[in-house]
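Worksheet for the structure shown next.
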Amino acid sequence: MKQRRLRRLIRLSSNRFWRLLRRNRGALAATIIALILLTLVSRISVAYFLANDAPGDGIVYARLATNLLDHGTFSSDEEEPYSPTYIRMPGYPLFIAGIYYVFGHENNTAVRISQAVVDTVTCVFASMIAFAWASGIRRRRAAFWAYILVSVCPFIVIYTATILSETVATFFMAAMTLTATLAIKSPRALRSAFWWILSGLLAGTSVFIRPDAGLFAAGIGVTLVVCGLFLRRPETPPFFHRLLDVAWKGAVFSLVFLLVLTPWTVRNWRLFGSFQPLSPAHGEMPGEFVALGYDRWLRTWVDDSRFTEPMLWNLDEKRIHLDSIPDNAFDSPEEKQAVGALLDQYNYPPGTQKPKPADQDDNGDDDSDKSGDSDPDSADDNGPDQQ
Numbered sequence: 022m023k024q025r026r027l028r029r030l031i032r033l034s035s036n037r038f039w040r041l042l043r044r045n046r047g048a049l050a051a052t053i054i055a056l057i058l059l060t061l062v063s064r065i066s067v068a069y070f071l072a073n074d075a076p077g078d079g080i081v082y083a084r085l086a087t088n089l090l091d092h093g094t095f096s097s098d099e100e101e102p103y104s105p106t107y108i109r110m111p112g113y114p115l116f117i118a119g120i121y122y123v124f125g126h127e128n129n130t131a132v133r134i135s136q137a138v139v140d141t142v143t144c145v146f147a148s149m150i151a152f153a154w155a156s157g158i159r160r161r162r163a164a165f166w167a168y169i170l171v172s173v174c175p176f177i178v179i180y181t182a183t184i185l186s187e188t189v190a191t192f193f194m195a196a197m198t199l200t201a202t203l204a205i206k207s208p209r210a211l212r213s214a215f216w217w218i219l220s221g222l223l224a225g226t227s228v229f230i231r232p233d234a235g236l237f238a239a240g241i242g243v244t245l246v247v248c249g250l251f252l253r254r255p256e257t258p259p260f261f262h263r264l265l266d267v268a269w270k271g272a273v274f275s276l277v278f279l280l281v282l283t284p285w286t287v288r289n290w291r292l293f294g295s296f297q298p299l300s301p302a303h304g305e306m307p308g309e310f311v312a313l314g315y316d317r318w319l320r321t322w323v324d325d326s327r328f329t330e331p332m333l334w335n336l337d338e339k340r341i342h343l344d345s346i347p348d349n350a351f352d353s354p355e356e357k358q359a360v361g362a363l364l365d366q367y368n369y370p371p372g373t374q375k376p377k378p379a380d381q382d383d384n385g386d387d388d389s390d391k392s393g394d395s396d397p398d399s400a401d402d403n404g405p406d407q408q
């Protein structure tokens, strides 16, 4: 009985709240401003108090931005000759470079605060998208709850504290989705063309920041086809007319999208002689070795994120030890032995020596004394011929 009364009270309060917002524009404006300020403060707090410079990609992005400002080249090198590269898309380094130019070099705090503002606007865009797709009296409720859900989502806000591209990429993808929604909803051809041009610009910019943003552009294309060909309207034109309508809108969107990527593609072709509109999947330059077999092997057993950093991100930076790999990664003792031999080659390349276990070192002391060899380096080998 008490639960029914409580639910009824909540329902009545909610209905009164929505009626107040519909009738009183001042209350509506005050609610919107309060929500935006609360979102902004929460994101600035996360960006400032939970600042994280640990991700290695953040160091690369910051170095690219610094080299752009100091040397006028898109390079990840720490010293001369600052060779150009295409291992990352240029959008996010340009974003960082703009902030460094205004607020000072390596001012990552300014970058994070800027990302907090950008992410707040992303929440507003999400609300506007929900408002555009909803209908009737449900539009404001849909917009309100979309804003609340996006603003409290921890998987979005946490990236404001890092020097990573996720926050800015999400902003442009949300903006692209909003403009595409307005383009699909627009009944006039001229206005629709304007929104499709803007959508293409935003889609290309999104890919400039993160290559996987192209999936959003593809999703917009699918939405255009479905809505244009199969969505029923009060006055539905013949199928052939709908097909032509979808064709020219898709052509405008695709053409602008490709034009945005053209300068970067031409630059890579002129400098490196390769057709590279996006950054390489493995972040490699022409001629660099990529451990594709190792990557495929990881995909056969890695089922927990705790293995991602030590086994994947630390490749070429730190040693990988056989003891840190679980037994279910191997089908047989022979495979484990073979993997161990390959890891030894990786951990101790030519010119380096693999240290012996402690028990072997203890047993080898007498042997070294008998041979009269007091060189500590020779204790790690069976003989000078193996060096």
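Using the numbering used here, read the sequence shown as starting at 22 and increasing by one per residue. The beta-carbon is built from N, C-alpha and C at its ideal position, and this holds for glycine as well.
Relative to the alpha-carbon of N335, which residue among P354, Y315, D324 and S353 has its alpha-carbon at the smallest distance?
Y315
Looking only at its chain, what residues have a beta carbon closer than 7 Å to the beta carbon of A182, apart from the 5 residues adjacent to it on each side?
V67, A68, L71, A72, N73 and R133
Straight-line gap, G47 to I54 (C-alpha atoms, nearest Å)
11 Å
- prompt: With a Cβ-Cβ cutoff of 7 Å, do S300 and I230 count as a contact?
  reply: no
Should M194 and A234 be called a contact, given that it needs their Cβ atoms to be closer than 7 Å? yes
Taking C-alpha atoms, which residue in Y367, A190, S172 and E127 lies nearest to L58? S172
Where P405 falls: helix, strand or coil (DSSP)
Low per-residue confidence applies at P405: pLDDT is 40, beneath 50, and the placement is therefore not dependable, though the value from the model is reported in the following sentence. In this structure, P405 counts as helix in the three-state DSSP scheme.
Item checked: Simplified DSSP assignment, three categories, for N73 -> strand
Exercise. Would you say the segment 278–286 touches the segment 304–320, given that touching needs at least three Cβ pairs under 8 Å?
Worked result: no
* To which residues does DSSP link T183 through a beta bridge? -> N73
Residue closest to A350, alpha-carbon to alpha-carbon, out of G361, V323 and K339: V323
(request) For the alpha helix (DSSP H) containing E355, list its first residue and its last residue. (result) P354 to N368
Which residue marks the beginning of the alpha helix (DSSP H) containing P114, and which one marks its end?
G112 to F124
- [ ] Compare the Cα-Cα distances from S148 to each of T106, Q136 and F192 and report the closest residue.
- [x] F192
Inset, instruction - Spatial neighbours of S207 within its chain, please: CB distance less than 7 Å, with the 5 preceding and 5 following residues excluded, ordered by chain position. - result: S213 and W216
- Query: The alpha helix (DSSP H) with H262 in it runs from where to where?
  - Reply: F260 to F293
- Query: In three-state terms, what does DSSP make of N128?
  - Reply: coil
* **Collapsed DSSP secondary structure at N335 in the structure displayed** => coil
Please report the straight-line C-alpha distance between S345 and L279, rounded to a whole angstrom.
45 Å
**Report entry** Cβ neighbour criterion (16 or more within 10 Å) applied to K270
**Finding:** buried
Original post:
Any idea if D386 is buried or exposed, counting beta-carbon neighbours within 10 angstroms, 16 or more meaning buried?
Top reply: A caution first: D386 carries a pLDDT of 48, below 50, which makes its placement in the model unreliable, though a value can still be read off. Looking at its Cβ environment, which holds fewer than 16 other Cβ atoms inside 10 Å, D386 is exposed.
| field | Under 7 Å between C-beta atoms of L313 and M332 | value | no
Does the segment 142–161 come into contact with the segment 100–110, if we say contact requires no fewer than three beta-carbon pairs (one atom in each stretch) closer than 8 Å?
no
T188 and T60 - do their beta-carbons sit closer together than 7 Å? no
Nearest neighbour of L292, chosen from L90, S104, H92 and T143 [CA to CA]: S104
Using the C-alpha atoms, what's the distance from R327 back to A75? 16 Å
- Query: Thinking C-beta only, is I184 closer than 7 Å to Y82?
  - Reply: yes
**Prompt:** Can the beta-carbon of F165 be found closer than 7 Å to that of S220?
**Reply:** no
(request) Return the CA-CA distance between Q136 and R84, expressed in angstroms with no decimal places. (result) 18 Å
Suppose the cutoff is 6 Å on Cβ atoms and the five residues either side in sequence are ignored; what does the same chain contact list for V228 look like?
A234 and G235
Using beta-carbon positions only, say whether T200 and A153 come within less than 7 Å of one another. no
Pull up the distance between the alpha-carbon of F146 and that of H126, whole angstroms please. 31 Å
Practice problem: Taking only the alpha-carbon atoms, compute the straight-line gap between A210 and F261 and give it to the nearest angstrom. | Solution: 17 Å
- Item | Nearest to V267 (by Cα), restricted to the options N289, L222 and I241 | I241
task: For T329, count neighbouring C-beta atoms within 10 Å of its own C-beta (all shown protein chains included) and say buried if the count is 16 or more, exposed if not.
output: exposed
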